[in-house]
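Protein chains in written order, with the working numbering: chain C, 11 to 120; chain R, 11 to 120. Heads up, the beta-carbon is just placed ideally off N, CA and C, and yes, glycines get one too.
Protein chains: 2
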Amino acid sequence: MARPFHHPAEADVTLDAVLHALSDATRRSIVAKLIESGGMNCGQSCGDLPPSTISHHHRILRESGLILSERRGVAVFNSVRRALIDRRFPGLLAAILPPPPATPSRSSLS
Amino acid sequence: MARPFHHPAEADVTLDAVLHALSDATRRSIVAKLIESGGMNCGQSCGDLPPSTISHHHRILRESGLILSERRGVAVFNSVRRALIDRRFPGLLAAILPPPPATPSRSSLS
Chain C
11 MARPFHHPAE ADVTLDAVLH ALSDATRRSI VAKLIESGGM NCGQSCGDLP PSTISHHHRI
71 LRESGLILSE RRGVAVFNSV RRALIDRRFP GLLAAILPPP PATPSRSSLS
Chain R
11 MARPFHHPAE ADVTLDAVLH ALSDATRRSI VAKLIESGGM NCGQSCGDLP PSTISHHHRI
71 LRESGLILSE RRGVAVFNSV RRALIDRRFP GLLAAILPPP PATPSRSSLS
């Protein structure tokens, strides 16, 4: 049987761990995709990375408190603990993640 | 003769390195003190830490692009490259650093 995931309680979520987790471009990309999609299965959010790398990045995100992982059958569904992070560190995700690609326009690139 | 300090050019400052540098509470405290004071000598901003630890933290901050270190006689004066960081990562320092202790009041703790 698969081991249960460990998620830190809100009081145990530290800025050290959250910033460390977000100090990697791949992990920021995962978080951005999870926010944009409202959550997705492990693998969908990582492109062509090897499974061990995907697992590693999700573990660091989960243990920092940034994401919630839930087993759904044989898959693992991940979502960002957005409310928790916004309560603990207001403005942080908005400052770190790229804005969602809602209405791409040339002028926004200038 | 002391080695010159290396400071990355603005284009070489990465969010990975800046977030890594800020993922340590001691380094965040140094940055907060440097912003509050407008800059200070190495050592003034670190309390009672050993010199090698002070030097280590300042090196990580400097190499990430967060601070500027200048030799002034035998001392080293450090300041935050605030304009650069605010241009590259708007809102980041405000989201990460504690607000300055300007007017402490009980109500702000509730």
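Taking 8 Å as the CB threshold, I45/C stays off the interface with chain R. Straight across, the Cα-Cα distance linking A85/C with P109/C is about 28 Å.
For L78/C, there is no enclosing alpha helix (DSSP H); the residue is found in the beta strand (DSSP E) stretching over I77 to R82. In the DSSP secondary-structure assignment, F87/R is bridged to N51/R and E80/R. Non-local beta-carbon contacts of L102/C in its own chain, meaning distances under 6 Å to residues more than five positions away in sequence, are absent.
Linking A42/C to E80/C through their CA atoms gives a straight-line distance of about 18 Å. DSSP places A27/C in the helix class (H, G or I) of the three-state scheme. Taking the C-beta atoms as reference points, R37/R is found no nearer than 8 Å to L59/R.
Within the model, the alpha-carbon separation for E73/C versus P18/C is close to 6 Å. Under the DSSP assignment, H17/R falls outside any alpha helix (DSSP H); it carries neither an H nor an E label. Listed along the chain, the chain C residues whose CB falls inside 9 Å of the CB of H30/R are L29, H30, S33 and D34. Among the CB atoms of chain C, none fall inside 8 Å of the CB of A42/R.
Inter-segment contact for the stretch 47 to 56 of chain R and the stretch 44 to 64 of chain C is absent: fewer than three beta-carbon pairs are separated by less than 8 Å. CA-CA distance, D22/R to S89/C, rounds to 32 Å.
In terms of beta-carbon proximity, L102/R lines the interface with chain C, with at least one pair separated by less than 8 Å. If you look at S74/C, you'll find it in the alpha helix (DSSP H) that goes P61 to S74.
Within a 10 Å sphere around the beta-carbon of A31/R sit 16 or more other beta-carbons, which makes this residue buried.
Of all residues in the stretch 68 to 91 of chain R, none has a C-beta nearer than 9 Å to a C-beta of chain C. Around the C-beta of G83/C, fewer than 16 other C-beta atoms lie within 10 Å, and the residue is accordingly described as exposed. Under a criterion of Cβ atoms nearer than 9 Å, the residues of chain R adjacent to A105/C are, in order, F99, P100, G101, L102, L103, A104, A105 and I106.
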